[in-house]
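Per the UniProt record's numbering, the first sequence starts with residue 1, numbered consecutively. Below is one structure; the comments refer to it alone.
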Amino acid sequence: MPVHNEDIAAVFDEIADLLEIEGDNPFRIRAYRNGARTLRELGQDVRTRVERGDDITRLPGIGKNLADKIHEILDSGHCRTLDKLRRKLPADLTTLLKLPGLGPRRVQALYHELDIHNREQLERAARDGLIQRLPGFGAKTEARILDALQAHADTGKRFKLAVAARYAESLVGYLKTAEGVSQVQVAGSYRRCRETVGDLDILVIARHGHSVIEHFVAYDEVENVLSSGTTRASVILRSGLQVDLRVVAKISYGAALYYFTGSRSHNIAVRRIARRKGLKINEYGVFRGKKRVAGKTEEEVFASIGLPFIPPELRENRGEIEAAQAGLLPTLVENNDLRGDLHSHTNASDGHESFQVMATAARKHGLEYLAITDHSRRLTVAHGLDSTRLLAQLELIDDFNAGDHDITLLKGIEVDILEDGSLDLPDNILAQLDLVIGAVHSRFELTRAKQTRRILRAMDNPNFTLLAHPGGRLINQRPPYDVDMARIIRHARERGCFLELNAHPERLDLLDTHCQLAREEGVLISINSDAHSIADFDNLRFGIGQARRGWLEKQDVLNTRPLSELRKLLAGTR
DNA sequence: GCCGTTTTCGGCCCGACTGTTTTCAGTCG
Numbered sequence: 001m002p003v004h005n006e007d008i009a010a011v012f013d014e015i016a017d018l019l020e021i022e023g024d025n026p027f028r029i030r031a032y033r034n035g036a037r038t039l040r041e042l043g044q045d046v047r048t049r050v051e052r053g054d055d056i057t058r059l060p061g062i063g064k065n066l067a068d069k070i071h072e073i074l075d076s077g078h079c080r081t082l083d084k085l086r087r088k089l090p091a092d093l094t095t096l097l098k099l100p101g102l103g104p105r106r107v108q109a110l111y112h113e114l115d116i117h118n119r120e121q122l123e124r125a126a127r128d129g130l131i132q133r134l135p136g137f138g139a140k141t142e143a144r145i146l147d148a149l150q151a152h153a154d155t156g157k158r159f160k161l162a163v164a165a166r167y168a169e170s171l172v173g174y175l176k177t178a179e180g181v182s183q184v185q186v187a188g189s190y191r192r193c194r195e196t197v198g199d200l201d202i203l204v205i206a207r208h209g210h211s212v213i214e215h216f217v218a219y220d221e222v223e224n225v226l227s228s229g230t231t232r233a234s235v236i237l238r239s240g241l242q243v244d245l246r247v248v249a250k251i252s253y254g255a256a257l258y259y260f261t262g263s264r265s266h267n268i269a270v271r272r273i274a275r276r277k278g279l280k281i282n283e284y285g286v287f288r289g290k291k292r293v294a295g296k297t298e299e300e301v302f303a304s305i306g307l308p309f310i311p312p313e314l315r316e317n318r319g320e321i322e323a324a325q326a327g328l329l330p331t332l333v334e335n336n337d338l339r340g341d342l343h344s345h346t347n348a349s350d351g352h353e354s355f356q357v358m359a360t361a362a363r364k365h366g367l368e369y370l371a372i373t374d375h376s377r378r379l380t381v382a383h384g385l386d387s388t389r390l391l392a393q394l395e396l397i398d399d400f401n402a403g404d405h406d407i408t409l410l411k412g413i414e415v416d417i418l419e420d421g422s423l424d425l426p427d428n429i430l431a432q433l434d435l436v437i438g439a440v441h442s443r444f445e446l447t448r449a450k451q452t453r454r455i456l457r458a459m460d461n462p463n464f465t466l467l468a469h470p471g472g473r474l475i476n477q478r479p480p481y482d483v484d485m486a487r488i489i490r491h492a493r494e495r496g497c498f499l500e501l502n503a504h505p506e507r508l509d510l511l512d513t514h515c516q517l518a519r520e521e522g523v524l525i526s527i528n529s530d531a532h533s534i535a536d537f538d539n540l541r542f543g544i545g546q547a548r549r550g551w552l553e554k555q556d557v558l559n560t561r562p563l564s565e566l567r568k569l570l571a572g573t574r
């Protein structure tokens with residue numbers, strides 16, 4: 001059985017949950033959680049590290065004990081510490097921790113006092129009114145538990161970034177109309193441009209919190225007010241999206257913005273540095289004893305502990321703090337660095353517009369060139385192009401380029417990579433194009449070895465330019481296909497071809513960690529809209545966000561090049 | 001259980017809100 005990082009992380013989390021219910025040393029519990037987080041954020045299977053003979057105790061939060069357990073799980077698929085805990089406590093007890101309002105202390109009380117260890121027993125006890133009689137519980141807690149059980153508590157549902165953006169943008173507009181509000185900023189994972197967000201964290205500068213909070217909870221999309229005080233409030237919108245609002249004074253704005261942008265593990269790591277310097281960082285500022293030394297801007301907060309400004313997208317505790325200390329932070333690519341887009345569709349296949357309309361829209365978006373890359377014949381559902389139809393399209397594009405336009409169209413195709421790794425159109429046709437995007441649209445279920453071999457072989461075709469949406473996942477819908485991405489990235493370097501970062505909000509594919517790997521290998525990434533309509537060019541901003549999370553600089557991105565330079569790079573792949 | 005440019009022992013990030021209390025524990029982010 002293959003053991004992935006997530007499997008080991010889940011073991012550590014369960015150990016932490018059970019120890020917490022037992023009332024064990026909180027720092028020991030935190031150590032397990034830190035270990036789990038390190039594994040989840042590793043971006044590479046720890047098994048690979050182990051097989052390579054790496055010393056995994058060098059990983060943050062992994063000491064001798066956790067390293068031994070990782071080895072044990074990799075070797076046997078089991079962890080004796082967890083097995084032992086499971087014998088002491090019912091395994092399903094940890095499912096109760098996921099209910100809102102139930103933490104370890106209360107779960108422990110439910111178990112010891114009422115012998116409750118699953119949701120069914122909990123629901124029965126709540127209905128019988130037994131819960132509210134326990135010390136530390138009351139009628140409200142009991143009612144809340146029942147609510148959560150009946151609502152089937154779809155906790156953990158995350159919203160795609162682009163979807164959250166729609167809710168965020170209108171809510172920000174609304175909050176700005178509140179009295180005394182001078183600034184509104186969305187922080188949290190939204191500001192870090194994570195591909196999905198669990199909730200929105202919104203920060204408001206205002207002198208008096210009370211009236212802002214009142215205005216906030218009165219927003220007409222609010223379905224449920226979870227909590228509401230003088231400086232913060234939490235609500236659930238009708239869409240199910242949770243929004244947390246914090247009101248701060250101007251003098252604390254930088255500290256609060258920094259604090260609520262996260263990530264959690266980044267903040268913890270930075271606070272540890274502050275602590276060593278005798279400073280305390282909280283959402284109100286940076287303090288030496290009782291004296292405030294910084295807090296008005298984020299730059300000030302970083303400067304107080306001797307760091308340069310770290311862009312939000314990097315704040316994941318994946319090496320950005322060490323890079324900042326060493327003066328090695330990347331200068332991240334920005335929205336207006338993009339000169340063109342190398343992946344778009346027209347109504348010749350499954351797009352909605354003619355290439356002329358797409359060209360005009362791309363130009364309006366500030367682009368200097370656009371590649372027309374319709375689907376190939378194999379993708380019949382998308383009305384894919386065969387050789388004849390493609391050649392006809394090429395002539396029309398040549399005519400367009402001969403005319404007087406301030407955008408250049410590139411001739412391309414999104415050609416299917418067939419199961420054996422061959423391409424869906426003949427080489428003599430592909431040779432006539434400016435670029436060839438290869439894409440996997442079928443047989444997602446192939447084994448890792450076969451899927452990887454298929455893609456490597458496609459890349460070896462001399463006409464191959466760029467691998468579209470390399471992982472193949474659809475966020476919240478379809479997992480990526482099983483491939484050895486590190487191998488594909490290395491192969492792209494050896495072969496001299498490129499990878500796409502597909503900016504469509506459903507895809508955002510390459511993953512951020514793979515962008516980082518590609519950058520280290522020196523493989524250029526093309527940030528493409530995969531536009532099927534004129535509105536889709538706006539999605540490029542989400543691609544830029546993802547690229548920034550992947551540490552990409554302007555020079556790491558293929559389509560930041562001016563057209564003449566791009567043409568040379570494209571020609572160089574052949 | 002992890003960790004170290006003040007430490008191999010003695011620390012470990014920090015504050016708001018709620019409910020059940022009557023001074024605070026538990027939970028949450």
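C-beta: ideal position from N, C-alpha, C; glycine also.
Distance, Cα to Cα, residue i vs residue j?
i: ALA178; j: LEU390; result: 56 Å
i: VAL212; j: SER189; result: 23 Å
i: TRP551; j: ARG47; result: 25 Å
i: GLY285; j: ALA294; result: 6 Å
i: ASN336; j: ARG548; result: 13 Å
i: ALA324; j: LEU245; result: 30 Å
i: ILE437; j: ILE413; result: 6 Å
i: HIS375; j: HIS345; result: 8 Å
i: VAL181; j: ARG207; result: 8 Å
i: HIS469; j: GLU299; result: 36 Å
i: TYR219; j: ASP147; result: 23 Å
i: TYR481; j: PRO330; result: 30 Å
i: ALA125; j: THR141; result: 13 Å
i: GLU313; j: ASP201; result: 15 Å
With a 10 Å radius around its C-beta and 16 neighbouring C-beta atoms as the bar for buried, classify residue i as buried or exposed.
i: PRO505; result: buried
i: THR155; result: Any reading at THR155 must be qualified, since the residue scores a pLDDT of 49, below 50, and its modelled position is unreliable; no value is offered.
i: THR380; result: exposed
i: ALA16; result: buried
i: ASP75; result: exposed
i: SER170; result: exposed
i: GLY262; result: buried
i: LEU175; result: buried
i: LEU328; result: exposed
i: ASN5; result: buried
i: ALA168; result: buried
i: THR447; result: exposed
i: LEU203; result: buried
i: THR452; result: buried
i: GLU463; result: The residue asked about is misnamed: residue 463 is Asn in this sequence, not Glu. Answer is buried; the Cβ neighbour count reaches 16.
i: PRO104; result: buried
On a Cα-Cα basis, can you pick out the residue from the options that is closest to residue i?
i: HIS405; options: GLN451, ILE8, LEU367, ARG30; result: LEU367
i: LEU410; options: ARG52, ARG378, GLN393, VAL333; result: GLN393
i: ILE488; options: LEU466, ARG473, GLN477; result: LEU466
i: GLY254; options: GLY240, LYS277, ILE205; result: ILE205
i: GLY289; options: GLU298, PHE302, ALA274, THR297; result: ALA274
i: GLY472; options: LEU501, ARG495, ARG453; result: LEU501
i: ARG315; options: TYR258, GLU142, ILE305; result: TYR258
i: ASP536; options: ASP416, ASN476, LYS364; result: LYS364
i: HIS112; options: ARG238, GLY129, LEU99, PRO90; result: PRO90
i: THR81; options: PHE27, ALA109, LEU18; result: LEU18
i: ARG119; options: GLN150, GLN132, GLY136; result: GLN150
i: GLU20; options: GLU445, VAL107, LEU338, ASP386; result: VAL107
Please state if the CB of residue j and the CB of residue i are separated by a distance shorter than 8 Å.
i: HIS343; j: ASN528; result: yes
i: ALA402; j: ILE534; result: no
i: residue 635; j: LEU96; result: In the structure displayed, the chain extends from 1 to 574; residue 635 sits before or after that span and is not available.
i: ALA233; j: VAL197; result: no
i: GLU334; j: ILE544; result: yes
i: LEU474; j: ALA503; result: no
i: GLU221; j: LEU237; result: yes
i: ALA531; j: MET358; result: yes
Whole-angstrom Cβ separation of residue i and residue j, contact assumed at under 8 Å?
i: ALA518; j: LEU508; result: Contact flag wrong, Cβ pair sits at about 15 Å.
i: ARG33; j: ASP13; result: 7 Å
i: VAL50; j: HIS71; result: 7 Å
i: GLU41; j: ARG318; result: 6 Å
i: ALA371; j: ASP434; result: 7 Å
i: residue 611; j: LEU558; result: One cannot answer for residue 611 here, as it falls past the ends of the chain, which runs 1 to 574.
i: residue 582; j: ASP199; result: There is simply no residue 582 to check, as the chain begins at 1 and stops at 574 in what is shown.
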